[in-house]
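Colleague: Chains Y and L, in that order, give the protein sequences.
When we follow numbering that gives the first Met the number 0, the leftmost residue of the first sequence carries the number 0, and every step to the right adds one.
When we follow numbering that gives the first Met the number 0, the leftmost residue of the second sequence carries the number 0, and every step to the right adds one.
We put the beta carbon where it would ideally sit given N, CA and C, even for glycine.
This structure is in structure tokens; I'll ask about it shortly.
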Amino acid sequence: MADAAPTRARRPARQPRRSVGRAGVGRPGVVWALPGALFFVFFAVAPMLLVGALAFTDWDGIGTPSWTGMSNWSRLWDDPETHQAIRLSLVLTVLTWVFQTPLALLLGVWAAGRQRNRAVLSAVFFLPLLGSSVALALVWKSLLDPNFGLVADIGPALGFADGDLLGSSNGAFGAILFVTAWQFIPLHTLIYQGGARAIPRSLYDAAAIDGAGTVRQFFSITLPQLRNTVVTSSVIMVVGALTFFDTVLILTKGGPGTDTTIVPYLMYKNGFQAFDLGYASAVATILVFVATTVSLLLVRLTGFAAMRSTREGM
Amino acid sequence: MRIPRSRSTLRASTLTAAVLLFATALTGCGSGGPGGSDDGSLDVWVYQDASTKVQREVIKRFNKTSDIKAKLTEVPGEGYSDKMRTSMGTPNAPDVFFNWGGGSISDFVRKDMLLDLDPAIAKDPELKKAFIPTILDAGAIDGKHYGIPMRGMQPVILFYNKEVFEDAGASPPESWDDLLGLIDTFKGAGVTPFALAGTDAWTELMWVEYLVDRYGGAGVFRKVQSRGMAAWDDPAVLKAAQTVRDLVGRGAFGKNYKSVNYTADGASTLFAKGKAAMHLMGSWEYANQKANQPAFAKSGLGWTTFPAVPGGSGDPRSVVGNPTNYWSVNAKLKGDERKTAIEFVKFAAGQDYSKDLIANGDVPTTSDAAALLAEHENPDYARFQYDLVKRAPDFTLSWDQALPATYTPPLQTAVQKLFNGQLSPAGFVDALKGM
Numbered sequence: 000m001a002d003a004a005p006t007r008a009r010r011p012a013r014q015p016r017r018s019v020g021r022a023g024v025g026r027p028g029v030v031w032a033l034p035g036a037l038f039f040v041f042f043a044v045a046p047m048l049l050v051g052a053l054a055f056t057d058w059d060g061i062g063t064p065s066w067t068g069m070s071n072w073s074r075l076w077d078d079p080e081t082h083q084a085i086r087l088s089l090v091l092t093v094l095t096w097v098f099q100t101p102l103a104l105l106l107g108v109w110a111a112g113r114q115r116n117r118a119v120l121s122a123v124f125f126l127p128l129l130g131s132s133v134a135l136a137l138v139w140k141s142l143l144d145p146n147f148g149l150v151a152d153i154g155p156a157l158g159f160a161d162g163d164l165l166g167s168s169n170g171a172f173g174a175i176l177f178v179t180a181w182q183f184i185p186l187h188t189l190i191y192q193g194g195a196r197a198i199p200r201s202l203y204d205a206a207a208i209d210g211a212g213t214v215r216q217f218f219s220i221t222l223p224q225l226r227n228t229v230v231t232s233s234v235i236m237v238v239g240a241l242t243f244f245d246t247v248l249i250l251t252k253g254g255p256g257t258d259t260t261i262v263p264y265l266m267y268k269n270g271f272q273a274f275d276l277g278y279a280s281a282v283a284t285i286l287v288f289v290a291t292t293v294s295l296l297l298v299r300l301t302g303f304a305a306m307r308s309t310r311e312g313m
Numbered sequence: 000m001r002i003p004r005s006r007s008t009l010r011a012s013t014l015t016a017a018v019l020l021f022a023t024a025l026t027g028c029g030s031g032g033p034g035g036s037d038d039g040s041l042d043v044w045v046y047q048d049a050s051t052k053v054q055r056e057v058i059k060r061f062n063k064t065s066d067i068k069a070k071l072t073e074v075p076g077e078g079y080s081d082k083m084r085t086s087m088g089t090p091n092a093p094d095v096f097f098n099w100g101g102g103s104i105s106d107f108v109r110k111d112m113l114l115d116l117d118p119a120i121a122k123d124p125e126l127k128k129a130f131i132p133t134i135l136d137a138g139a140i141d142g143k144h145y146g147i148p149m150r151g152m153q154p155v156i157l158f159y160n161k162e163v164f165e166d167a168g169a170s171p172p173e174s175w176d177d178l179l180g181l182i183d184t185f186k187g188a189g190v191t192p193f194a195l196a197g198t199d200a201w202t203e204l205m206w207v208e209y210l211v212d213r214y215g216g217a218g219v220f221r222k223v224q225s226r227g228m229a230a231w232d233d234p235a236v237l238k239a240a241q242t243v244r245d246l247v248g249r250g251a252f253g254k255n256y257k258s259v260n261y262t263a264d265g266a267s268t269l270f271a272k273g274k275a276a277m278h279l280m281g282s283w284e285y286a287n288q289k290a291n292q293p294a295f296a297k298s299g300l301g302w303t304t305f306p307a308v309p310g311g312s313g314d315p316r317s318v319v320g321n322p323t324n325y326w327s328v329n330a331k332l333k334g335d336e337r338k339t340a341i342e343f344v345k346f347a348a349g350q351d352y353s354k355d356l357i358a359n360g361d362v363p364t365t366s367d368a369a370a371l372l373a374e375h376e377n378p379d380y381a382r383f384q385y386d387l388v389k390r391a392p393d394f395t396l397s398w399d400q401a402l403p404a405t406y407t408p409p410l411q412t413a414v415q416k417l418f419n420g421q422l423s424p425a426g427f428v429d430a431l432k433g434m
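The structure is reproduced here in structure tokens:
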């Protein structure tokens, strides 16, 4: 509070000066964006360019990187493990979207209502988001222990005899899918809850008068009104799924064999276990490229870039 | 970050892994942080864990005798490899530092960053005699010594659960036939013969290392180290891989070993609770059991050697595992600083140092430590380890640590695939040759 007071006092004195310089428009100038822009350049753009350059070198982390031209890239092209990683990452991303979106959407819309116990239950659903990914993955690792974990009891019912879930390719992949969904659905629920709250009450009132039931209202009002929210949530979800890492590191270490080695884990394996930083940079560059393309495509194809309002004609 | 070497502290350290990943990313920038010898003192880096207090003590003793003072930097365990690697070649590099020998320093040796200690060892016959020769040699690269042993030994031992053996009326295996017989005995009793943590590939690697050693001797892996990956062609490697498949097929590891972990104590608990009869693991298993199942560690834990295999030419007295950790000296040190650094690493050969190690529960690698072992908290276990290592003609450093870092991930993947049945024995050999 002590800081806030003088700031507030200074503000009126500055305001007129700035308005004069900018023909009365009170918008902040380029200078205001400088700290943020510099931070972004130093900690995001510059490292990304460096990684792009490293992808054309051979570097083991000590000494000087040596230029090797396209050799990392031709290796990438031929490496079956990389192909598998890209395939697994894409499948994981699609399944993540298919699995998380409907659940988050329904939970979010439900949480936007005014039912009894809603606040309490929403708070409970929100809990997984508060834990650290590493701690949560460790908890799940214990739950998935085939002899002492939960999966020892329920594994056979799921089709994993002897609780051998992490040891089977599909089981381990499913575990990653499930644990990350369990962890991130609350975030998307929150986004949908916010979106659903912003839908004008009058639309529902009018629909009710016309005789529309809950289901009809959901499909004719809620869903179309949430169009932009769906895009926002999907972009976060897709980019998030392409960069899942800690859950894989702790839960499966990319195994069994390489059957859950998705691209970010492959990058870590090459970079920080093999110290083959040139090749790891090439993998990272691919990841940056794919994630950027996918999110741009999503934004383009859905018309989100035009920022068309969902309230047109109201 | 390679495989964590001090596995007894793994459980806690996994928790901090992600935090440290971030931290190493920052320290990697080389800005600030401890290091550098500009202030005229000797900068000593050590892997921080329960054993660090031994190094704290030796620094105190050393500084009483020396004009140039040594200063200890304790680097949190999980990030040690990364930090060591990113600092070497920068002005922040340590003067003397802890390492695992073999692959952990071979890249530094190639770039002439480490001091060859052979002249110092040649000048001081006492120093050479001070350590068990196999241990001193296990840290050598291309026949030259770059490290002085400075921590306890960590051989891989075949542990067994005494109670389970008593219930089954069995005795520890002395031959391969005994071992195969025990598999059937315990399967009949509804007990998993061997606990195995299949999600942590390095635990499976121990089996392959011992089998290759028993079939073809320590020379097989030495050939790989000196001649490259084509040397995996040795028939002993194929034979070992076939034996692994045979063991898996007999149900030696139970049915769900692929999902069992070591880092969250899955395998150790299985073993301690009597659901598994035996466990092939590094000597740190004792400390691990003491922390989690103290009663079992005290009275239920038995240990024996890995048996010979039929038709094998390897010496059954040989061991595999982590011989010890080493001090290495940075080659950039000159004149008095270099002399002081060599004086400092020699302190690890002293009796005071060995006593501190024993008080800490470690088994020292010095050749005169036998008389001191009575002071160990478990003298029988300490003597077993010490004798095992002392009479071993060869102590093979774990492959994933002996080979340069770049081979670690493909090696571990191939081993895991072999155990999982995703690779045939012949495919396994091909995978190793193709690394």
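(1) DSSP three-state label for Phe-159/Y, please.
(2) Do you know whose CA, among Val-344/L, Glu-77/L, Lys-331/L, Leu-410/L, lies nearest Tyr-46/L's CA?
(3) Do we get a CB-CB distance below 8 Å when we pair Pro-255/Y with the residues of chain L?
(4) Would you mind stating whether Leu-91/Y and Leu-176/Y have Cβ atoms separated by less than 8 Å?
(5) Is Asp-144/Y buried or exposed, if buried means 16 or more other CB atoms sit within 10 Å of its CB?
(6) Please state whether DSSP places Gly-254/Y in a helix, a strand or coil.
(7) So is Asp-144/Y in contact with chain L if we call contact Cβ pairs under 8 Å?
(8) State the start and end residues of the unbroken beta strand (DSSP E) segment that holds Pro-416/L.
(9) Relative to the C-alpha of Pro-309/L, which candidate in Gly-215/L, Trp-44/L, Pro-154/L, Ser-298/L has its C-alpha closest?
(10) Is there contact here, the region 158-170 of chain L with the region 364-382 of chain L, by at least three beta-carbon pairs under 8 Å?
(11) So which residues of chain L does Thr-251/Y contact, with C-beta pairs closer than 8 Å?
(12) Under the rule that 16 or more other beta-carbon atoms within 10 Å means buried, what is Gly-138/L, buried or exposed?
(13) To the nearest angstrom, how far is the alpha carbon of Tyr-380/L from that of Thr-304/L?
(14) Go ahead and pull the three-state DSSP assignment for Phe-220/L.
(15) Do we get a CB-CB distance below 8 Å when we pair Ser-327/L with the residues of chain Y?
(16) Give me the Cβ distance between Lys-254/L and Asp-161/Y, rounded to the nearest whole Å; I'm assuming they're in contact under 8 Å.
(17) Suppose contacts are defined by Cβ-Cβ distances below 8 Å. Is Gln-99/Y in contact with Met-236/Y by that definition?
(18) With a 10 Å radius around its C-beta and 16 neighbouring C-beta atoms as the bar for buried, classify Thr-26/L as buried or exposed.
(19) Who are the near neighbours of Asn-98/L in its chain, counting only those whose CB is closer than 6 Å to its CB and skipping five residues on each side?
(20) Output needed for Val-95/L: all residues of its chain with C-beta closer than 8 Å, excluding positions within five of it in sequence on either side, in chain order.
(21) Taking Cβ to Cβ, would you say Ala-266/L is nearer than 8 Å to Ala-200/L?
(22) Express the C-alpha separation of Tyr-159/L and Gly-32/L in angstroms, rounding to a whole number.
(23) Quick one: list the residues of chain Y neighbouring Pro-408/L, beta-carbon separation under 7 Å, in chain order.
(24) Please list, in chain order, all residues of the same chain as Thr-242/Y whose beta carbon is under 6 Å from its beta carbon, the five residues on each side excluded.
(25) Helix, strand or coil for Asn-98/L per DSSP?
(26) Counting only Cβ pairs nearer than 9 Å, list the residues of chain Y close to Lys-222/L.
(27) Classify Ala-425/L as buried or exposed, calling it buried when 16 or more other Cβ atoms lie within 10 Å of its own Cβ.
(28) Using a Cβ-Cβ cut-off of 8 Å, state whether Arg-249/L counts as contacting chain Y.
(29) When you compare the CB of Glu-421/L with every CB in chain Y, is at least one pair closer than 8 Å?
(30) Using a Cβ-Cβ cut-off of less than 8 Å, list which residues of the region 128-144 of chain Y approach chain L; keep chain order.
(31) Quick one: Cα of Phe-274/Y to Cα of Phe-244/Y, how far?
(32) Look up Trp-58/Y in the DSSP assignment and say whether it is helix, strand or coil.
(33) Within 8 Å of any Cβ in chain B, is that where the Cβ of Asp-59/Y sits?
(34) I'd like to confirm the pairing. Which residues does DSSP put opposite Tyr-159/L in its beta bridges?
Modeller: A quick look at the data gives this:
(1) Note: Phe-159/Y maps to coil in three-state DSSP.
(2) Of the listed residues, the one whose Cα sits closest to Tyr-46/L is Glu-77/L.
(3) True, the Cβ-Cβ gap to chain L drops below 8 Å.
(4) Going by beta carbons, Leu-91/Y and Leu-176/Y fall inside the 8 Å limit.
(5) With 16 or more other Cβ atoms within 10 Å, it is buried.
(6) Residue state, collapsed to three classes: coil.
(7) Closer than 8 Å to the CB of Asp-144/Y there is at least one CB belonging to chain L.
(8) The question names Pro, yet the displayed sequence has Lys at residue 416/L. Taken as a continuous stretch (DSSP letters only), Lys-416/L belongs to no beta strand (DSSP E), being part of the alpha helix (DSSP H) at 407-419.
(9) If we check each option's Cα against that of Pro-309/L, Gly-215/L comes out closest.
(10) Taking 8 Å as the limit for Cβ pairs, the verdict is that the region 364-382 of chain L does not touch the region 158-170 of chain L.
(11) For Thr-251/Y, the chain L residues whose Cβ falls inside 8 Å of its Cβ are Thr-198, in order along the chain.
(12) Under this definition Gly-138/L is a buried residue.
(13) Near 12 Å, if we compare the C-alpha coordinates of Thr-304/L and Tyr-380/L.
(14) Reduced to three states, the DSSP call for Phe-220/L is helix.
(15) Closer than 8 Å to the CB of Ser-327/L there is not a single CB belonging to chain Y.
(16) The beta-carbon separation of Lys-254/L and Asp-161/Y, rounded to 4 Å, stays under the 8 Å limit for a contact.
(17) In this structure, Gln-99/Y sits near Met-236/Y, with a CB-CB distance shorter than 8 Å.
(18) Any reading at Thr-26/L needs caution, since the residue's pLDDT is 40, under 50, leaving its predicted position unreliable; the model's value is listed next. With 16 or more Cβ atoms within 10 Å of its Cβ, Thr-26/L is classed as buried.
(19) Once the five neighbours on either side are set aside, the close Cβ partners of Asn-98/L are Ile-104, Tyr-325, Ser-327.
(20) Listed in chain order, the non-local C-beta contacts of Val-95/L below 8 Å within the same chain comprise Leu-41, Asp-42, Val-43, Trp-44, Ala-69, Trp-326, Ser-327, Val-328, Asn-329, Ala-340, Phe-343, Val-344, local neighbours out to five positions each way being set aside.
(21) Result no, Cβ atoms of Ala-266/L and Ala-200/L do not sit closer than 8 Å.
(22) Any reading at Gly-32/L needs caution, since the residue's pLDDT is 39, under 50, leaving its predicted position unreliable; the model's value is listed next. Near 45 Å, if we compare the C-alpha coordinates of Tyr-159/L and Gly-32/L.
(23) By Cβ distance, chain Y contributes Lys-268, Gln-272, Ala-273.
(24) Here the set comprises Pro-263.
(25) DSSP places Asn-98/L in strand when its eight states are reduced to three.
(26) What Lys-222/L touches in chain Y: nothing, since even the nearest Cβ is about 22 Å away.
(27) Ala-425/L sits exposed, since fewer than 16 C-beta atoms from the chains shown fall within 10 Å of its C-beta.
(28) With 8 Å as the cut-off, Arg-249/L does not count as an interface residue toward chain Y.
(29) In the sequence under discussion, the amino acid at residue 421/L is Gln, which differs from the Glu named in the question. Residue-level contact by beta carbon holds for Gln-421/L and chain Y, with a gap shorter than 8 Å.
(30) Going along the region 128-144 of chain Y in chain order, one finds Ser-131, Ser-132, Val-133, Ala-134, Leu-137, Lys-140, Ser-141, Leu-143, Asp-144 with a Cβ nearer than 8 Å to chain L.
(31) Each residue's Cα considered, the two are about 18 Å apart.
(32) Looking at Trp-58/Y - three-state DSSP - the assignment turns out to be coil, as it is neither helix nor strand.
(33) Absent from the structure: chain B. Protein chains present are Y and L.
(34) Beta-bridge pairing links Tyr-159/L to Met-277/L, Gly-301/L.
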